[in-house]
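Peer 1:
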Amino acid sequence: MSLAETIDKDIVASMKAREADKLSVLRMVKTAFKMKEIDKRAPLTDAEAQQILTTLIKQRRDSIDQFTKGNRPELAAKEAEEIVVIESYMPKAVGDAEIRPLVSEAIDEIAAANGSRPIAKDMGIVMKASQAKLVAAGLRADGKLVSEIVKSELAKG
3 MSLAETIDKD
13 IVASMKAREA
23 DKLSVLRMVK
33 TAFKMKEIDK
43 RAPLTDAEAQ
53 QILTTLIKQR
63 RDSIDQFTKG
73 NRPELAAKEA
83 EEIVVIESYM
93 PKAVGDAEIR
103 PLVSEAIDEI
113 AAANGSRPIA
123 KDMGIVMKAS
133 QAKLVAAGLR
143 ADGKLVSEIV
153 KSELAKG
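3 is the number of the first residue of the sequence shown in the numbering used here; add one for each residue after it.
#1: Here's a check: name, in chain order, each residue in its chain whose Cβ is nearer than 8 Å to the Cβ of R142, leaving out the five neighbours to either side.
#2: Where does R62 fall in DSSP's three states?
#3: Hey, A194 and L5 are a contact pair by Cβ (cut 8 Å); roughly how many whole angstroms apart?
#4: What residues in its chain sit with their C-beta under 6 Å from that of I85, if we drop five residues either side in the sequence?
#5: Could you check what DSSP says for A95 in three-state terms: helix, strand or coil?
#6: Do V105 and I151 have their CB atoms nearer than 8 Å?
#7: Assuming I112 contacts A131 (C-beta within less than 8 Å), just tell me the rounded distance between them.
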C-alpha cells in the first residue's frame, strides 16, 4: 500500500474515531500530496511523498522556533503535536552512529574519483553524495546533523 493510500485509510479511521487534531493534520498532508500531483500531472511515488512529508516537518520546526521566540508556547505545542503525527508516516530517523559511516564512505568515493581527499570547500559535493547514500539505504536524517558530520569528517582530513 502506498503512502498516499495509507494516509487516506487513516483519514477515514480518524473520522470514525473522532480524532479532530489528527484528522486535521492528515487532511493537510493529503492536500499537500494532491497539490504536488496536480503540479506534476502524475501520481506521486512514495519517495516524492516522503519528500513532501520532510518539507512539512521542516516547516513545522521553523514555526516552533518562531512561536517560541514570539512567546506563544500553545501554538508551538500544537506544531510539535503535528510533527509527531507526520513523523509516524516517515521511516525512522537515524542518528550520528548510522550517518557517520555513510559520510565517510561518500568522502572515500569522492577521493577515489578525484585522486585527492575533498576539502572544506567541497562540502556541497560531499553533502549531495551523503544524502544520496542515505536515500539509497532507505534512511532519513536531519539535514543539519548530516551537515555537522560532513564538516567534522572534512576537518579530519
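No residue lacks a Cβ here, since even glycine has one placed at the ideal position from N, Cα and C.
Peer 2: Short version:
#1: Excluding residues within five positions, the ones whose Cβ falls inside 8 Å are Q52, T56, M92, P93, K94, A95, V96, L136.
#2: Helix at R62.
#3: Residue 194 falls outside the range modelled here, since the chain spans only 3 to 159, and no answer is possible.
#4: The beta carbon of I85 sits closer than 6 Å to those of I59, R62, all from its chain and outside the five residues before and after it, given in chain order.
#5: Looking at A95 - three-state DSSP - the assignment turns out to be strand.
#6: In this structure, I151 lies closer than 8 Å to V105 by Cβ.
#7: Contact between I112 and A131 holds, with the beta-carbon distance rounding to 6 Å and staying under 8 Å.
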